[in-house]
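Trainee: Chains as they are written, first to last, in the numbering used here: chain D, 5 to 501; chain G, 5 to 501.
In structure tokens, the structure reads:
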């Protein structure tokens with residue numbers, strides 16, 4: 005088909021059977037500053053009733069952005085919003101008010117203590133959907149979780165939206181959780197207290213995905229952005245558990261040159277990393293890679309030359325933030341780290357990971373979401389992802405806490421199924437998953453093994469067994485496996501109001 | 005709907021009105037090396053007749069990968085492939101044989117001299133589609149250009165497909181052209197001569213998008229990977245044109261603190277950058293950013309503190325490759341740089357760019373694709389993108405070359421429309437686009453301006469005017485504006501066989 009275009013040419017517009025439009029004019033492209041206020045940014049993004057707003061959690065307990073955003077929504081009179089955060093902290097207690105007044109009526113994202121307690125007593129009209137970090141990324145990638153406005157906290161952004169968490173007074177480490185949100189959400193609003201000269205030298209989020217940059221006074225409280233969990237426990241029982249973890253890794257033959265290990269920020273996990281660092285020195289071994297969260301402990305192992313690469317998705321302390329400002333290493337966003345729909349993930353090569361639990365059971369199922377009274381108090385985080393990606397997934401916990409058995413016949417909620425759990429290291433001994441005959445064979449003679457049933461017996465004997473919960477026919481939430489299937493339900497406990 | 009899942013739980017699978025599958029089992033994820041041979045990699049990617057294979061051009065005239073890939077396809081007996089490269093070089097002459105024997109029957113991508121000459125005489129059954137770098141990225145992003153197998157040359161990759169062009173004996177700079185290909189192609193095959201220890205410390209292409217890593221002896225010839233175009237011209241006429249460009253920028257008030265300029269690797273463009281660097285020194289000005297291609301000249305301006313940021317998409321010489329290995333700066337992939345479908349691009353803030361032309365006309369239209377004899381000999385590159393993104397787009401050319409007028413009544417092919425061209429700087433004077441009254445006003449009194457029609461008259465007088473071409477009703481190719489519309493057609497010239 006021949007047509008005259010605005011350049012004055014009569015052009016054939018059908019090329020290889022497809023008809024394109026004729027050229028209709030060229031104009032200069034320029035840019036406008038995207039900087040605005042939070043409330044105007046939300047308005048310009050078209051915020052309205054029923055929308056889904058997503059957030060990352062890397063400002064941790066110092067985060068002001070979630071509360072500020074819903075305050076702005078309240079001011080705009082917008083109702084029934086869905087909140088799709090990657091995690092929550094005590095600082096988000098005002099979310100209870102946003103729920104009470106109808107600003108928020110639905111949550112798909114990790115829940116924390118105070119808000120979790122409230123929802124456990126007062127279920128939302130829509131059950132809370134709990135996903136792992138990798139599972140959440142996949143849900144956004146596949147469209148299962150549709151985000152209308154991605155609200156992305158940044159410790160620095162230029163006026164065009166090139167944004168980072170690496171620099172600035174509220175620095176928290178690379179923005180690892182929000183790239184997929186920025187690519188899939190209809191609108192993207194960067195929120196920062198630090199508009200820097202263009203071009204921002206760090207750019208985990210790039211202007212090509214950003215609609216507006218909301219400038220606020222403060223995105224967070226620096227002292228609470230840094231996790232309180234990076235202090236190594238001084239509880240002798242926990243230290244012993246941590247030490248036993250390293251003995252188990254060693255007996256399993258996994259402490260070897262080129263090993264890849266996952267580092268976390270929990271007390272026992274951190275202690276285990278400390279002992280692992282010492283073991284690397286003693287045995288003169290050089291690990292390949294530390295993945296996961298960065299802490300001073302890991303940076304020091306790296307500086308000592310005992311691990312060649314730090315391949316991290318979160319940064320937990322100020323020391324580590326300062327460190328990566330000068331040596332960025334290999335930041336891995338959560339998709340790279342754990343997206344189960346991808347063609348390859350960082351965690352698939354993990355030799356060892358040490359994780360926690362609120363409960364474990366004799367099928368090696370792990371609960372990290374609910375307490376034994378049935379309240380939904382924690383998120384899944386990377387628990388599922390790293391458990392499935394590792395050769396040796398170690399769960400650490402005491403056999404019982406006060407009057408509560410921790411090792412049970414059956415966990416209250418399955419967060420991570422026993423199929424991918426290899427060992428449970430407790431204060432009363434180490435149980436190995438009987439399916440891991442290779443592992444049992446390998447450590448035989450070097451490590452004392454107890455049966456998980458024996459641990460359960462100890463727990464029940466010391467505590468009188470678990471409290472019996474009765475449930476109402478009302479869903480509080482559900483846990484999903486990272487492939488999107490329903491792993492477990494969390495029902496409302498009778499009498500918990 | 006309640007169902008029992010394989011974790012033994014009876015779960016409600018209908019959550020907020022959507023029914024999900026019940027959990028059906030968890031397994032450990034591990035990884036397998038993706039390393040294979042080129043021929044097996046193509047087989048495993050399911051190569052078959054009629055598929056589209058994409059390539060980047062950053063190995064330039066040293067590239068072995070395009071030829072090796074089609075040799076493998078020939079060996080596999082696969083026919084009628086589409087080639088979607090980002091550019092071609094003389095080294096790709098064997099493509100003519102692949103066309104003759106039916107391995108390749110369609111090209112959507114920049115064409116170079118030798119192959120272009122052949123196709124101009126022997127049109128393919130499908131017209132060649134010429135797009136700018138940004139336009140190509142957008143065509144892949146929107147699905148207009150569907151890639152079956154992205155073949156991505158890398159100077160280093162680990163066994164899982166984390167790949168780079170920054171390090172290794174065939175280093176060529178960050179892989180900037182292929183991220184969108186890797187995300188949109190059905191299959192992704194990294195081709196490297198350098199399988200490095202996991203994890204590769206540079207990762208422009210990440211394992212999550214990579215299916216296989218083909219290991220070959222050599223991906224290219226290092227001395228030809230580095231462009232021959234980074235030598236500054238010593239032709240006094242061209243040097244004068246370059247100098248006049250800088251005077252024009254200066255008169256336009258664009259040589260100022262915070263300026264953003266585009267650097268290229270062509271002879272005059274490079275000389276203009278040299279003079280610009282000197283002008284920055286003389287006037288004690290500090291530019292904000294140099295975008296585009298990196299050369300020693302730009303690195304030296306950066307080292308001298310005359311430009312704060314190097315924000316580059318290509319690296320043209322060995323000096324610059326060595327430099328970025330230690331100071332990566334801000335690499336900008338082509339989407340970030342120039343994707344017209346994005347929410348913001350690096351080039352939208354460009355103050356100045358200096359570009360070349362094979363022809364210009366009195367409507368300020370520019371031809372970079374065909375010669376005056378009608379042969380299609382060059383690609384568009386970033387010409388359209390930077391012209392439209394810049395405040396001042398300067399085209400440099402002589403008014404005539406031997407017996408050919410370069411300034412014409414009407415260009416043979418429109419590559420970039422006159423609407424986004426601001427100035428034409430020639431050996432016979434500077435013409436400004438009459439639509440740019442603001443610019444004309446600004447430079448008045450400081451710069452001598454001639455009319456484009458006068459330049460055309462000089463050209464016609466000295467050469468006797470352009471040769472008259474007659475065309476057959478047979479399309480050789482078309483140029484597209486970066487929004488996907490048909491800008492111009494390239495028809496077969498009568499008698500050119």
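Heads up, the beta-carbon is just placed ideally off N, CA and C, and yes, glycines get one too.
Would you mind telling me which residues of chain B sit closer than 9 Å to residue 358 of chain D, beta carbon to beta carbon, in chain order?
Mentor: This model lacks chain B altogether; the protein chains it does include are D and G.
Trainee: How do the region 29-42 of chain G and the region 457-470 of chain D stand: do at least 3 beta-carbon pairs fall below 8 Å, yes or no?
Mentor: no
Trainee: Could you pull out every residue in the same chain whose Cβ sits closer than 8 Å to the Cβ of residue 100 of chain G, ignoring the five residues on either side in sequence?
Mentor: Translated into the one-based positions of the second chain, residue 100 of chain G becomes position 96. The answer, listed in chain order, is 118, 119, 122.
Trainee: Out of G/87, G/210, G/175, which has the shortest C-alpha to C-alpha gap to residue 198 of chain G?
Mentor: By one-based count along the second chain, residue 198 of chain G stands at place 194. Residue G/175 holds the alpha-carbon nearest to the alpha-carbon of residue 198 of chain G among G/87, G/210, G/175.
Trainee: Check the Cβ-Cβ distances between residue 315 of chain D and every residue of chain G, and say whether any is below 9 Å.
Mentor: Against the first chain, residue 315 of chain D aligns to sequence position 311. It does: the Cβ of residue 315 of chain D has a partner Cβ on chain G nearer than 9 Å.
Trainee: At the 9 Å Cβ level, is residue 158 of chain G part of the contact set with chain D, yes or no?
Mentor: The sequence position of residue 158 of chain G within the second chain is 154, counting from 1. Residue 158 of chain G does not count as touching chain D.
Trainee: Quick one: give me the first and last residue of the beta strand (DSSP E) that residue 48 of chain G is part of.
Mentor: Counted from its first residue, the second chain places residue 48 of chain G at position 44. That residue, residue 48 of chain G, is in no beta strand (DSSP E); its alpha helix (DSSP H) goes 42-48.
Trainee: What is the DSSP secondary structure of residue 311 of chain G, counted as helix, strand or coil?
Mentor: On the second chain, residue 311 of chain G is found 307 positions in, with the first residue counted as 1. Here residue 311 of chain G sits in strand by DSSP.
Trainee: Give the DSSP bridge partners of residue 397 of chain D, in chain order.
Mentor: Here residue 397 of chain D corresponds to residue number 393 of the first chain, with the count starting at 1. DSSP lists D/357 as partners of residue 397 of chain D.
Trainee: Give the secondary structure of residue 63 of chain G by DSSP, where H, G and I count as helix, E and B as strand, and everything else as coil.
Mentor: Residue numbering aside, residue 63 of chain G sits at position 59 when the second chain is read from its first letter. DSSP places residue 63 of chain G in coil when its eight states are reduced to three.
Trainee: For the beta strand (DSSP E) containing residue 110 of chain D, list its first residue and its last residue.
Mentor: Reading the first chain from its first residue, position 106 is the one you call residue 110 of chain D. Counting along the chain, the beta strand (DSSP E) containing residue 110 of chain D begins and ends at 108-111.
Trainee: Using a beta-carbon distance below 9 Å, is residue 265 of chain G in contact with chain D?
Mentor: As a first step, residue 265 of chain G is located in the second chain; it is residue number 261 there, counting from the start. With 9 Å as the cut-off, residue 265 of chain G does not count as an interface residue toward chain D.
Trainee: Would you say residue 256 of chain D lies against chain G (beta-carbon separation less than 9 Å)?
Mentor: Here residue 256 of chain D corresponds to residue number 252 of the first chain, with the count starting at 1. Answer no: the Cβ-Cβ gap between residue 256 of chain D and chain G never drops below 9 Å.
Trainee: So, for residue 324 of chain G: in the same chain, excluding its five sequence neighbours on each side, which residues have a beta-carbon less than 7 Å away from its beta-carbon?
Mentor: One-based indexing of the second chain puts residue 324 of chain G at position 320. Same-chain partners within the cutoff: 298, 299, 300, 303.
Trainee: Assuming residue 128 of chain D contacts residue 109 of chain D under a Cβ cut-off of 8 Å, what Cβ separation, rounded to an integer in Å, is found between them?
Mentor: Looking up residue 128 of chain D in the first chain gives position 124. Looking up residue 109 of chain D in the first chain gives position 105. With a Cβ gap of about 6 Å, residue 128 of chain D and residue 109 of chain D count as contacting.
Trainee: Compare the C-beta of residue 9 of chain D with all C-beta atoms of chain G and state if any pair is closer than 9 Å.
Mentor: Taking the first chain and counting its residues from 1, the one referred to as residue 9 of chain D is at position 5. Yes, contact with chain G.
Trainee: Taking Cβ to Cβ, would you say residue 42 of chain G is nearer than 9 Å to residue 195 of chain G?
Mentor: In the second chain, residue 42 of chain G corresponds to position 38, counting from 1. In the second chain, residue 195 of chain G corresponds to position 191, counting from 1. Going by C-beta atoms, residue 42 of chain G is nearer than 9 Å to residue 195 of chain G.
Trainee: Which partner residues does residue 86 of chain D have in the DSSP bridge list?
Mentor: For the purposes of this step, residue 86 of chain D is taken as residue 82 along the first chain, with counting starting at 1. D/56, D/110, per the DSSP bridge assignment.
Trainee: From the beta carbon of residue 226 of chain D, is the nearest beta carbon of chain G less than 9 Å away?
Mentor: Taking the first chain and counting its residues from 1, the one referred to as residue 226 of chain D is at position 222. For residue 226 of chain D, the answer is no, since every Cβ of chain G falls outside 9 Å of its Cβ.
Trainee: Taking the Cβ atom as the reference point for each residue, do residue 294 of chain G and residue 266 of chain G lie within a distance shorter than 9 Å?
Mentor: For the purposes of this step, residue 294 of chain G is identified with residue 290 of the second chain, where counting begins at 1. For the purposes of this step, residue 266 of chain G is identified with residue 262 of the second chain, where counting begins at 1. It is a contact, given that the beta carbons lie within the stated cut-off.
Trainee: Taking 9 Å as the cut-off, decide whether the C-beta atoms of residue 151 of chain G and residue 144 of chain G are in contact.
Mentor: Translated into the one-based positions of the second chain, residue 151 of chain G becomes position 147. Translated into the one-based positions of the second chain, residue 144 of chain G becomes position 140. Contact flag set, yes.
Trainee: Taking only the alpha-carbon atoms, compute the straight-line gap between residue 277 of chain D and residue 257 of chain D and give it to the nearest angstrom.
Mentor: As a position in the first chain, residue 277 of chain D is number 273, starting the count at 1. As a position in the first chain, residue 257 of chain D is number 253, starting the count at 1. Using only the alpha carbons, I get a separation of about 17 Å.
Trainee: By DSSP, does residue 493 of chain G sit in helix, in strand, or in coil?
Mentor: Start at 1 with the first residue of the second chain, and residue 493 of chain G comes out as number 489. Three-state result, residue 493 of chain G: strand.
Trainee: Please name the residue in D/320, D/472, D/398, D/356 whose C-alpha comes closest to that of residue 412 of chain D.
Mentor: As a working mapping, residue 412 of chain D is identified with position 408 in the first chain. Selected option, being the one with the closest Cα: D/472.
Trainee: Hey, does residue 374 of chain G have any beta-carbon neighbour from chain D nearer than 9 Å?
Mentor: Counting from one through the second chain, the residue named residue 374 of chain G turns up at place 370. It does not: the Cβ of residue 374 of chain G has no partner Cβ on chain D nearer than 9 Å.
Trainee: Between the alpha carbons of residue 330 of chain D and residue 312 of chain G, how many angstroms are there, rounded?
Mentor: In the first chain, the residue the question calls residue 330 of chain D occupies position 326. In the second chain, the residue the question calls residue 312 of chain G occupies position 308. Each residue's alpha carbon lies about 17 Å from the other.
Trainee: Using only alpha-carbon positions, find the residue among G/404, G/428, G/446, G/419 that is nearest to residue 464 of chain G.
Mentor: In the second chain, residue 464 of chain G corresponds to position 460, counting from 1. Closest option to residue 464 of chain G, Cα to Cα, is G/404.
Trainee: In angstroms with no decimal places, state the Cα-to-Cα distance between residue 379 of chain D and residue 56 of chain D.
Mentor: Taking the first chain and counting its residues from 1, one reaches residue 379 of chain D at position 375. Taking the first chain and counting its residues from 1, one reaches residue 56 of chain D at position 52. So the two alpha carbons sit approximately 25 Å from each other.
Trainee: Keeping to the same chain, check which residues put their C-beta closer than 7 Å to that of residue 221 of chain G; ignore five residues upstream and five downstream.
Mentor: Against the second chain, residue 221 of chain G aligns to sequence position 217. Correct list, in chain order: 197.
Trainee: Give every residue of the same chain whose Cβ lies closer than 6 Å to the Cβ of residue 165 of chain G, excluding the five residues on either side of it in the sequence, and list them in chain order.
Mentor: Counted from its first residue, the second chain places residue 165 of chain G at position 161. Taken in chain order, the residues that qualify are 38, 194, 211, 214, 217.
Trainee: Are the region 9-18 of chain G and the region 382-396 of chain D touching by the rule of at least three beta carbon pairs closer than 8 Å?
Mentor: no
Trainee: Sort out for me which residues DSSP pairs residue 266 of chain D with in a bridge.
Mentor: Translated into the one-based positions of the first chain, residue 266 of chain D becomes position 262. Beta-bridge pairing by DSSP links residue 266 of chain D to D/295.
Trainee: Flag residue 351 of chain D as yes if its beta-carbon sits less than 9 Å from any beta-carbon of chain G, otherwise no.
Mentor: Locating residue 351 of chain D in the first chain gives position 347, counting from the first residue. Put simply, the CB of residue 351 of chain D is near chain G, with a gap under 9 Å to one of its CB atoms.
Trainee: Out of D/155, D/181, D/202, state which residue places its alpha-carbon closest to the alpha-carbon of residue 162 of chain D.
Mentor: Here residue 162 of chain D corresponds to residue number 158 of the first chain, with the count starting at 1. Looking at the Cα atoms, D/202 is the closest of the given residues.
Trainee: With 9 Å as the threshold, decide whether the Cβ of residue 340 of chain D is near any Cβ in chain G.
Mentor: Taking the first residue of the first chain as 1, we reach residue 340 of chain D at position 336. Yes - at least one Cβ of chain G is within 9 Å of the one on residue 340 of chain D.
Trainee: Consult DSSP for residue 389 of chain D and reduce its assignment to one of helix, strand or coil.
Mentor: Taking the first chain and counting its residues from 1, the one referred to as residue 389 of chain D is at position 385. Taken through DSSP and simplified to helix, strand or coil, residue 389 of chain D comes out as helix.
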